[in-house]
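Residue numbers (the numbering used here): 21 to 218.
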Amino acid sequence: MTKKTLAFASGSLHKWKEMQMLLSPYGYEVVLPKDLGISFSPEETESSFTGNSFIKSKELYRLTGLPSFADDSGISVPALGGEPGVYSARYGGPGLTDKERALFLLQKLGENKSRDAFYSCVVSYVDGTHAVSFEGRVDGLICSDYDEEGKFGFGYDPIFFYPPFGKRFSQVPESEKNTVSHRKKAMELFLNWLSNLK
Ligand code: IMP
């Protein structure tokens, strides 16, 4: 079977591996902008995950003419009016580490009793005919402190408690987190749609 090529609007080798693993059984080869010799860093100027996801997939399609997909994700805290949301990667200002951003969120939330939070991921896909998006979400709680012990995850995982596991995401191996994550859910919907594409 000839493999079909999908361009993935990301610079992350880690994400590429995950996507290639998921898409390979469907006969797709995933390529990154850098594999195509393209320097790719569009500004994410929208105020929603969907908007920013489409900025990336549409721009990559425009540049390559290949069916293109993108993901955009982050964590939202309703008690903070949805912050950090689309600003998750840059929360607290430029130059902070992941840990400093998580500590900034903890400080912002303070002693607030309302600690609900959710991760969202929107995967968007664009080709000559289609422009579609799929959203996954996972709900949890913001802890009162930062987990220094956990060996897993990244970003806000050391402060994100996931009730069904009774643990923080920083305490859960990637393979386990990937069974319930926002990215997994969005990708599942996308793969289901893609498998019906004629
Ligand atoms: P992006 O999808 O690479 O744009 O991720 C945006 C930001 O959201 C990341 O830099 C993290 O701060 C946060 N984020 C998204 N998904 C996760 C996750 O699964 N765990 C922890 N942080 C996440």
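In this text, a Cβ means the ideal position worked out from N, Cα and C, and glycines have one as well.
Because the structure is a prediction, the values reported are computed rather than measured.
Q: Evaluate contact between the stretch 136-149 and the stretch 203-211, counting only Cβ atoms and requiring at least three cross-stretch pairs below 8 Å.
A: Judged by Cβ distances under 8 Å, the stretch 136-149 makes contact with the stretch 203-211, as three or more pairs qualify.
Q: Quick one: residues in its chain with C-beta nearer than 6 Å to the C-beta of S190, no 5 flanking neighbours on either side, listed in chain order?
A: Only residues of its own chain outside the window of five on either side were considered, and among them D167, G170, F172, G173, D177, P178 have a CB closer than 6 Å to the CB of S190, listed in chain order.
Q. What residues does the ligand IMP have around it, judged by CB closer than 5 Å to any heavy atom, in chain order?
A. Sorted by position in the chain, S93, G94, S108, A109, G175, Y176, D177 make up the residues whose C-beta lies under 5 Å from a heavy atom of the ligand IMP.
Q) Looking only at C-alpha atoms, which of Y139, L100, E155, T65 sits nearest to K133? A) Nearest Cα to K133 within the set Y139, L100, E155, T65: L100.
Q: Reducing DSSP to helix, strand and coil, say where R157 ends up.
A: Three-state result, R157: strand.
Q: Evaluate the contact criterion for the stretch 25-43 versus the stretch 74-82: three or more CB pairs, one atom per stretch, below 8 Å.
A: Contact between the stretch 25-43 and the stretch 74-82 is present: 3 or more CB-CB pairs across the two stretches fall below 8 Å.
Q) So what does L83 bridge to, in DSSP terms? A) Under DSSP, no beta-bridge partner is assigned to L83.
Q) Rounded C-beta distance between G130 and R121? I'm assuming under 8 Å. A) Not quite, the Cβ-Cβ distance comes to about 16 Å (not below 8 Å), so this is no contact.
Q) How is G102 classed by DSSP in three states: helix, strand or coil? A) Secondary structure at G102: coil, using DSSP grouped into helix, strand and coil.
Q: Please name the residue in L161, N72, K205, N198 whose C-alpha comes closest to that of R188.
A: Ranking L161, N72, K205, N198 by Cα distance to R188 puts L161 first.
Q. Which stretch, first to last residue, makes up the alpha helix (DSSP H) that contains A206?
A. Where A206 is concerned, the enclosing alpha helix (DSSP H) stretches over 202-215.
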